[in-house]
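**Q** Questions regarding the structure given below will be posed in turn.
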Amino acid sequence: MSFLAKNYNRRKIAFKKGKGSFLYGTNGKKYLDFVQGIAVNSFGHANPYLIKAINNQSKKIWHVSNAFIIPEGERLAKRLTQKTFADYVFFQNSGAEATEAAIKVARRYFYSIGKPKKNRILCVKNSFHGRTIAAIFASGSKKMTEGFGPRVAGFDHFEFNSIKSLKKSINKNTAAIMLEPVMGEGGIKVHSKLFLRNLRKICNKKNILLIADEVQCGIGRSGKFFAYEYAKIKPDIVPIAKGIGGGFPIGAVLMSKKAASGINSAGTHGSTFGGNPLAMTIGNAVLDQIYKKGFLKEIQKKSIYFFEEQNKRKKDYSKLIEEIRAVDLLIGLKLFNDQTKFIKKLEQNKLLTIRAAENTVRILPPLNVKKKEIDLAVKIIRKVCRESK
Ligand SMILES: Cc1ncc(COP(=O)(O)O)c(C=O)c1O
């Protein structure tokens, strides 16, 4: 009997420990974990470098209020801004908090320049920006919002990757357009470079802020630090979470100087836990590894390797897998039919994956995955494909 709310369809496995890409079940089985907490554990389980960082910090100081200076957070913010478009950072604890902060930043900017009515946020239909009350209405999906009315006002929607639909949905009160460069929950759907470039141009022309939600596709997972870099554009606001904490809850919103100008005065926003010394130390330890020279290039190579190996025996799966959608280590196998059984069979063969929309099996190895672990995953996927024919 479980006393936890039944809002998750939990699989019947629990784990006693993890190491790198592997999880050890209480059932005695060793699983290759290509879920990694849904793109959270950037460096797998029990990463020695992260363990050392958390252990050291835990003996010094865990938490102080944001009423005081937090040097670890100052350092993390500086390092994030030095590598990106951003001039300012605000820290929270999760992705939904970060996307909501992004919305607040955009609205507050237009308020501060005397345009308070320019407050609508335009998002992709059936997207995913988190589960808080505003974030579900930002996503515009019936499934997520059903029963949670009254509807939170201020959100409009357009069709994925469609400039035509985007143009039609913009109005004079559009303050920001928020989208994921690569939609994770949506089934690894990639906004084209052309679309993103046109989007940036439209935002410039119409004085609209561009929010790139990099909660899932950011922090190296796309083979670039941020996925929007592929389109060679710069957004104005970027919410992040998941990978920056490597398993510790951290969220953040990155902002350009202009975008931050509305929120850059005392009392506009706040968080009790966001940016505490323990979290910030771990964020810095994650960046130490991601910022290592050549690390992102390695991710790109590993992704190509996975793709090539998987494609070698295309005939094994051509009737089962409609498309392989991959942006580096954000990989999706889009099946012709419902993916539930396929995921179950992978699990029976000790490979853990997770579902996404559009019959997609999501594969999310840690960023430091080894070649031989990719080989093992491909072997299992091929076996399951052969057996499922
Ligand atoms: C793109 C995106 N935005 C926001 C969120 C919400 O993050 P969290 O679950 O940490 O609130 C997620 C979570 O999957 C996400 O993928």
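All the letters of the sequence shown, read from the start, carry residue numbers 4 to 392 under my numbering. Where a beta carbon is used, it is the ideal one built from N, C-alpha and C, also for glycine.
(1) Is it a yes or a no for the stretch 234–245 touching the stretch 199–211, going by three-plus beta-carbon pairs under 8 Å?
(2) Quick check on the DSSP output: the beta strand (DSSP E) that includes residue 363 runs from which residue to which?
(3) With a floor of 4 residues, list each alpha helix (DSSP H) that falls wholly inside the stretch 245–295, ordered by position along the chain.
(4) Just reading off the alpha helix (DSSP H) that residue 180 is part of, what are its end residues?
(5) When you compare the CB positions of residue 388 and residue 308, do they come within less than 7 Å of one another, or not?
(6) For ligand 1, any of its heavy atoms closer than 6 Å to the Cβ of residue 102?
(7) On a CA-only basis, which of 230, 44, 177 is nearest residue 184? Give me that one, please.
(8) Quick check: what's the CA-CA separation for residue 322 versus residue 385?
(9) Would the beta-carbon of residue 99 be found less than 6 Å away from any heavy atom of ligand 1?
(10) Under a three-way DSSP split, which group does residue 15 fall into?
(11) Kindly indicate the opening and closing residues of the beta strand (DSSP E) around residue 241.
(12) Report back the beta-carbon spacing between residue 245 and residue 43 to the nearest angstrom; my notes put them in contact at under 8 Å.
(13) Cα separation between residue 359 and residue 79?
(14) On the three-state DSSP scale, how would you describe residue 35?
(15) Could you name the residues that DSSP lists as bridge partners for residue 298?
(16) Confirm the yes/no value for this check: CB of residue 219, any heavy atom of ligand 1, distance under 6 Å.
(17) Label residue 100 either buried or exposed according to how many other C-beta atoms from any shown protein chain fall within 10 Å of its C-beta, with 16 as the threshold for buried.
(18) Identify every run of the beta strand (DSSP E) within the stretch 338–362, keeping only runs that are complete inside it and at least 3 residues long; order them along the chain.
(19) Buried or exposed: residue 119, going by 16 or more other Cβ atoms within 10 Å of its Cβ?
(20) Within the present structure, is the beta-carbon of residue 179 separated from the nearest heavy atom of ligand 1 by less than 6 Å?
(21) Can you have a look at residue 132 and say buried or exposed, based on whether 16 or more other CB atoms are within 10 angstroms of its CB?
(22) If you draw a straight line from the alpha carbon of residue 165 to that of residue 125, how long is it in whole angstroms?
(23) Give the straight-line distance between the Cα atoms of residue 287 and residue 247, rounded to the nearest whole angstrom.
(24) Given the structure, does residue 93 come close to ligand 1, in the sense that its CB is under 6 Å from one of the ligand's heavy atoms?
(25) Do the stretch 82–96 and the stretch 138–153 touch if we need at least three Cβ pairs shorter than 8 Å?
(26) Quick one: measure Cβ to Cβ for residue 275 and residue 75, integer angstroms, because I've assumed they're closer than 8 Å.
(27) Rounding to the nearest angstrom, what Cα-Cα distance links residue 187 and residue 72 in this structure?
(28) Beta carbon of residue 162, beta carbon of residue 128: below 7 Å?
(29) Give the range of the alpha helix (DSSP H) segment to which residue 134 is assigned.
(30) Assuming residue 242 and residue 102 form a contact by the criterion Cβ under 8 Å, report the distance between their Cβ atoms to the nearest whole angstrom.
(31) Just the C-alpha distance for residue 354 and residue 263, rounded to the nearest angstrom, thanks.
(32) Compare the C-alpha of residue 295 against each of 223, 179, 171 and name the closest.
(33) Whose C-alpha, out of 104, 328, 112, is nearest the C-alpha of residue 191?
(34) May I ask you to check if the CB of residue 183 is nearer than 6 Å to at least one heavy atom of ligand 1?
(35) With a threshold of 16 other CB atoms inside 10 Å of the CB of residue 7, please say whether the residue is buried or exposed.
(36) Express the C-alpha separation of residue 39 and residue 23 in angstroms, rounding to a whole number.
**A** The relevant details are as follows:
(1) Judged by Cβ distances under 8 Å, the stretch 234–245 makes contact with the stretch 199–211, as three or more pairs qualify.
(2) Residue 363 -> beta strand (DSSP E) spans 363–366.
(3) As far as the stretch 245–295 is concerned, its whole alpha helix (DSSP H) runs of at least 4 residues are 260–263, 280–293.
(4) Not the alpha helix (DSSP H): residue 180 falls in the beta strand (DSSP E), residues 177–182.
(5) Contact: no.
(6) Yes, since a heavy atom of ligand 1 falls inside the 6 Å radius drawn around the Cβ of residue 102.
(7) Nearest in C-alpha terms to residue 184, of all of 230, 44, 177, is 230.
(8) The alpha-carbon of residue 322 is positioned some 13 Å away from that of residue 385.
(9) Inclusion of residue 99 in the 6 Å shell around ligand 1 follows from its C-beta lying nearer than that to a non-hydrogen atom of the ligand.
(10) In the three-state DSSP reduction, residue 15 falls in the coil class, being neither helix nor strand.
(11) Where residue 241 is concerned, the enclosing beta strand (DSSP E) stretches over 240–243.
(12) Contact annotation, residue 245 with residue 43: C-beta distance approximately 5 Å; criterion of less than 8 Å satisfied.
(13) The straight-line gap from Cα to Cα measures roughly 31 Å.
(14) DSSP places residue 35 in strand when its eight states are reduced to three.
(15) Note: residue 298 sits in no beta bridge, so no partner.
(16) Residue 219: yes, Cβ under 6 Å from ligand 1.
(17) Around the Cβ of residue 100, a 10 Å sphere holds 16 or more other Cβ atoms; the residue is buried.
(18) The beta strand (DSSP E) runs of length 3 or more contained entirely in the stretch 338–362 are, from start to end of the chain, 357–359.
(19) Exposed.
(20) Every heavy atom of ligand 1 is 6 Å or more from the Cβ of residue 179, so no.
(21) Of the residues assessed, residue 132 falls on the buried side of the cut-off, its CB having 16 or more other CB atoms within 10 angstroms.
(22) Put simply, the backbone Cα of residue 165 is about 13 Å away from that of residue 125.
(23) If I take the Cα positions, the gap works out to 9 Å.
(24) For ligand 1, no non-hydrogen atom lies closer than 6 Å to the CB of residue 93.
(25) Contact fails: fewer than three Cβ-Cβ distances are below 8 Å.
(26) Not really, about 17 Å apart at Cβ, beyond 8 Å.
(27) Taken atom to atom, the span from the alpha-carbon of residue 187 to that of residue 72 is near 35 Å.
(28) Cβ atoms of residue 162 and residue 128: closer than 7 Å.
(29) Careful: residue 134 lies outside any alpha helix (DSSP H) and carries neither H nor E.
(30) About 5 Å separates the two Cβ atoms, so the contact holds.
(31) The alpha-carbon atoms of residue 354 and residue 263 are separated by roughly 43 Å.
(32) Ranking 223, 179, 171 by Cα distance to residue 295 puts 223 first.
(33) Considering only alpha carbons, the answer is 328.
(34) Answer for residue 183: yes, Cβ within range of ligand 1.
(35) Per the 10 Å Cβ criterion, exposed.
(36) If I take the Cα positions, the gap works out to 10 Å.
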